[in-house]
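Asker:
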Amino acid sequence: MKGLIVEGPPNRAFVLELARRLRASVKVRMAGRGWRKIAAYVRELLTSGCDKVMVLLDSHCSDPEAWLRFISEKLRQQGLGQYIDGGRLRLCAVVHALEAWLLADENALAALLGSEVEVRVSPGESCRPDEELGRVFCWATGSRKRYNKGLRNVRELARRLSLEEVSRKCPSFADLVAFLKDT
Numbered sequence: 598m599k600g601l602i603v604e605g606p607p608n609r610a611f612v613l614e615l616a617r618r619l620r621a622s623v624k625v626r627m628a629g630r631g632w633r634k635i636a637a638y639v640r641e642l643l644t645s646g647c648d649k650v651m652v653l654l655d656s657h658c659s660d661p662e663a664w665l666r667f668i669s670e671k672l673r674q675q676g677l678g679q680y681i682d683g684g685r686l687r688l689c690a691v692v693h694a695l696e697a698w699l700l701a702d703e704n705a706l707a708a709l710l711g712s713e714v715e716v717r718v719s720p721g722e723s724c725r726p727d728e729e730l731g732r733v734f735c736w737a738t739g740s741r742k743r744y745n746k747g748l749r750n751v752r753e754l755a756r757r758l759s760l761e762e763v764s765r766k767c768p769s770f771a772d773l774v775a776f777l778k779d780t
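When you read off a place in the sequence shown, starting at 1, and then add 597, the result is the number in our numbering.
1) Where does the unbroken beta strand (DSSP E) through ARG666 begin, and where does it stop?
2) So the alpha helix (DSSP H) GLY600 belongs to, where does it begin and stop?
3) Is the stretch 628–638 in contact with the stretch 764–773, if contact means three or more CB pairs nearer than 8 Å?
4) Go to LEU686, then tell me how far its beta strand (DSSP E) extends in each direction, as first and last residue.
5) Taking all protein chains shown into account, decide if ASN704 is buried (16 or more other Cβ within 10 angstroms of its Cβ) or exposed.
6) Taking the beta strand (DSSP E) that LEU653 falls in, what are its first and last residues?
7) Under 6 Å from any heavy atom of the ligand PLP, does the C-beta of GLY678 make it?
8) Any contact between the stretch 709–717 and the stretch 669–684? By contact I mean 3 or more CB pairs, one from each, below 8 Å.
9) Can the beta-carbon of VAL692 be found less than 7 Å from the beta-carbon of VAL716?
10) Please identify the residue among LEU654, MET598 and ASP648 whose C-alpha is closest to the C-alpha of ARG609.
11) Give me the DSSP bridge partner(s) of ARG626.
12) How about the stretch 681–697 and the stretch 640–653: do they share at least three Cβ pairs that are nearer than 8 Å?
13) What did DSSP end up calling ALA621 once you bin it into helix, strand or coil?
14) By the DSSP assignment, the alpha helix (DSSP H) with VAL774 in it spans what residues?
15) Can you tell me whether ASP682 is helix, strand or coil according to DSSP?
16) Quick check on DSSP: helix, strand or coil for ALA694?
17) If you compare alpha carbons, which of GLU614, ALA697, CYS735 and VAL718 is closest to LEU777?
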């Protein structure tokens, strides 16, 4: 079993749906961005039957590598460095936010919205991918359907995304898929 620590409900819904697609057994915890809570969940998951744990956080307009270094340093200060060094604990930063992954597959968006779509930015290019996703939803549906961070849109897109297409465009997504597939 794998453990995943994510920020909030949309990320949780997404990883649960992706794990279901990949037939991976997971436990998911939501920690927000607080490193103390992340450290507590890492300990809990590693002692409750999870072989490996991934901390999956959005970088929110900051440098993803700097964010990962910060979290790694804080987790090491909490005595979790041996798990990072031993490969049982992995850190992954989504470039900006989960919505960047959702923007990476125009075909999945078109299938969900029932209309052609035009994504103006490449995944990870926009600091606010949720705003771009909102623009895509409004444009494709003539404002009939809006993107909200509700779970339904996230789950539906997670079901439809081409794993290969999104992995090609978003290395952090490829890391998550590899983590879930790793036996």
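Even for Gly, the Cβ is constructed at its ideal location relative to N, Cα and C.
Note that the structure is predicted; figures quoted are calculated from it, not measured.
Answerer: The short version:
1) That residue, ARG666, is in no beta strand (DSSP E); its alpha helix (DSSP H) goes 661–674.
2) Looking at the DSSP string, GLY600 is not in any alpha helix (DSSP H); the run it does join, the beta strand (DSSP E), is 599–603.
3) no
4) 686–691
5) exposed
6) 649–655 is the span of the beta strand (DSSP E), which, as asked, contains LEU653.
7) Judged by which ligands are present, the structure shown has none, so any question about the ligand PLP falls away.
8) no
9) no
10) LEU654
11) DSSP, once it has assigned bridges, lists ILE602 as partnering ARG626.
12) yes
13) coil
14) 768–778
15) helix
16) coil
17) GLU614
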